Amino acid sequence: MRFSGSLVFGGYNLDLTEPRDVEGLNVWRISPTRLYGDAYDVKEWLADSLPERADCAGHLAAEVRRDATNLVVGSKVCGRTPGGRIFRIEVLGLADRTITGHVVVWA
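Numbered by the working numbering, the letters in the sequence shown go through residues 1144 to 1250 in order.
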């Protein structure tokens, strides 16, 4: 595992060991219920289970998307960074200007 922790989106480059804002290379909150990825594959996981790395990789292989919309607390999002790292975001909170999530980025 490369990173595991809670992040308040804004925007974060998830290819970095310690995620931070890097313009043009982020996953970021584009509206109160939407996450968008600059050059990322991002797709909501619709099952009740918590996806692991292999689950997310398979889910992303089926269809490429750049965003996950209509998120609610408890939503799970799978993604692939520009560097090819698979990640998962578990939505913990939604506010007018932020989305809080527990993020796992696998090495």
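Positions of the beta carbon are idealized from the N, C-alpha and C atoms, including for glycine.
Computed from a prediction, not measured in an experiment: that's the story for all the values here.
Selection from the options that minimises the alpha carbon distance to residue i
i            : options                : result
residue 1215 : 1242, 1186, 1192       : 1242
residue 1246 : 1205, 1228, 1182, 1240 : 1228
residue 1152 : 1158, 1144, 1163, 1146 : 1163
residue 1147 : 1217, 1165, 1188, 1196 : 1196
residue 1108 : 1154, 1201, 1165, 1223 : In this structure the chain extends from 1144 to 1250, so residue 1108 is not present and cannot be described.
residue 1217 : 1201, 1199, 1226, 1190 : 1190
residue 1154 : 1248, 1145, 1167       : 1167
Collapsed DSSP secondary structure at residue i in the structure displayed
i            : result
residue 1203 : helix
residue 1196 : helix
residue 1156 : strand
residue 1171 : strand
residue 1191 : coil
residue 1165 : coil
residue 1234 : strand
residue 1216 : coil
Beta strand (DSSP E) segment containing residue i, residue limits
i            : result
residue 1183 : Element bounds for residue 1183: n/a, residue is neither H nor E.
residue 1248 : 1242-1248
residue 1222 : 1219-1223
Residue environment, residue i, which counts as buried when at least 16 other CB atoms sit within 10 Å
i            : result
residue 1213 : exposed
residue 1236 : exposed
residue 1205 : exposed
residue 1182 : exposed
residue 1240 : exposed
key: Meets three-Cβ-pair contact criterion under 8 Å: the segment 1231-1242 and the segment 1175-1189   = yes
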